Amino acid sequence: MPDPLRVTVRNATFQRWQTLLANRTKRLRAGEFMVHGVRPISAAIEQHWRVREVLADDRPRRSPWAEQVWRSTGAERYLVSSELMRELGEKAEDTPELLAVVGMPADDLSRLPVSHDMLVTVFDRPSSPGNVGTLARSIDAFRGTGLVVTGHAADPYDPKCVRASTGSLFAVPTIRVASHIDVQRWVERIRADGIPIVVIGTDEAGDTAISDFDMTQPLVMVIGNETTGMTEGWRDACDHLVRIPIGGTASSLNAATAGSVALYEAMRQRTLQNR
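Position in the sequence shown counted from 1, then plus 14, gives you the working numbering.
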């Protein structure tokens with residue numbers, strides 16, 4: 015195993031890492047992103063994502079977890095000064111032991127598993143990377159099978175999204191596509207192969223309460239933008255609109271929260287069906 019390279023000044027390598035944190039265009043061009051935290055880094059390794067680089071704080075001793083990752087990933091290794099690691103870790107009071115640079119998979123809808131129990135969530139034009147990460151975490155927890163982010167949207171590989179997902183981003187196939195048209199064509203191909211997939215949208219004006227809708231069938235479930243909801247294109251593409259009944263003084267739910275409630279209802283119905 016080659017000796018690690020040392021980075022102690024803000025050189026071109028350090029600036030490249032900073033760019034991966036702050037610039038989505040350059041992240042996409044490079045096809046890689048920065049990962050913080052024990053759980054997300056461990057999840058990336060466990061789910062067999064390509065870890066390209068591992069950065070370690072140049073402290074004299076590491077935890078057993080950090081030492082294992084440092085020695086076993088086969089990635090290019092860098093020893094980085096504590097000051098620079100703290101900057102890259104984006105927490106002024108904390109110096110991370112390790113950071114990782116991970117390669118992005120292709121934005122290809124064929125990565126989504128297709129079956130009679132598929133449950134794919136679409137997030138239409140989300141503006142908050144934290145909401146994208148939160149929804150990915152719920153998809154993982156409630157047995158969803160994938161996440162599609164459509165339109166001009168927050169980046170699933172933004173550090174805020176990766177952190178909010180607490181590692182679930184690496185377990186949930188996540189695809190970025192330009193619009194509902196890409197998903198519609200994919201749905202048509204699946205239907206042609208004999209799987210009767212249904213497209214539903216969550217909307218406060220939906221004609222059916224979600225608890226009264228059959229969530230056990232193969233589904234694509236659409237969650238709209240946090241402020242404006244679904245586009246007209248998505249409304250037209252949906253076979254049904256369902257609503258989540260709410261009370262109190264709230265006029266609506268946060269988009270990621272609404273998606274989480276809908277995913278839980280799907281899991282609940284499917285669990286009852288399988289008893």
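Glycine included, C-beta positions come from ideal geometry on N, C-alpha and C.
Model, not experiment: these values are computed from the prediction.
- A distance below 8 Å separates the beta carbons of G158 and V186.
- Spatial neighbours of G147 in its own chain (CB-CB distance under 6 Å, excluding positions within 5 residues in sequence) are listed in chain order as C175, A178, S179.
- Taking the CA atoms as reference points, T271 sits about 10 Å from E240.
- Residue environment for R151: buried (at least 16 other C-beta atoms within 10 angstroms of its C-beta).
- Three or more beta-carbon pairs drawn from the region 231–251 and the region 195–215 are found closer than 8 Å, and the two stretches are therefore classed as touching.
- In the DSSP assignment, the residues bridged to V136 are V162, V236.
- DSSP places A272 within a helical segment (H, G or I) once states are collapsed to three.
- Distance check between I237 and each of S225, G215, I258, D226 places G215 closest, using alpha-carbon atoms only.
- Between the alpha carbons of R199 and E90 lies a distance of about 40 Å.
- For the 8 Å CB-CB criterion, P173 and M48 form a contact.
- With a 10 Å radius around the Cβ and a threshold of 16 neighbouring Cβ atoms, G243 comes out buried.
- Residue nearest to A264 within the set V52, Q287, E218, L93 is E218 (criterion: CA-CA distance).
- Between the C-alpha atoms of L93 and R289 there is a straight-line separation of about 53 Å.
- The beta carbon of P210 lies closer than 6 Å to none in the same chain, with the five residues before and after it left out.
- Within the same chain, and ignoring the five residues on either side of E104 in sequence, the residues whose Cβ sits closer than 8 Å to its Cβ are L35, H50, P173.
- Comparing C-alpha distances from V275 to each of V65, L161, S225 shows the shortest one belongs to S225.
- Nearest to L69 by C-alpha distance, out of V256, L133, R20, A223, is R20.
- With a cutoff of 8 Å on beta-carbon distance, V162 and I189 are scored as near each other.
- By the beta-carbon neighbour count (other beta carbons within 10 angstroms, threshold 16), S182 is buried.
- The residue from H254, D221, A269, D154 with its alpha-carbon nearest to that of M281 is D154.
- The beta carbon of P259 lies closer than 7 Å to those of A223 in the same chain, with the five residues before and after it left out.
- With respect to the C-alpha of G88, the residue from P110, V115, S96, V52 having the closest C-alpha is V115.
- Bridge pairing for F47: V116 [DSSP].
- For the pair W84 and R76, the CB atoms are nearer than the 8 Å cut-off.
- Annotation: V191 to P119 spans about 13 Å, alpha carbon to alpha carbon.
- When only Cα atoms are considered, G247 and A44 end up about 32 Å apart.
- G220 is the residue among G220, D17, T135 whose C-alpha sits nearest the C-alpha of R257.
- Around the beta-carbon of N268, fewer than 16 other beta-carbon atoms lie within 10 Å, marking it exposed.
- For the region 169–217, the continuous beta strand (DSSP E) assignments of 3+ residues that do not extend past its boundaries occur at 188–191, 212–216, in sequence order.
- T230 sits in coil when the DSSP states are folded into three classes, being neither helix nor strand.
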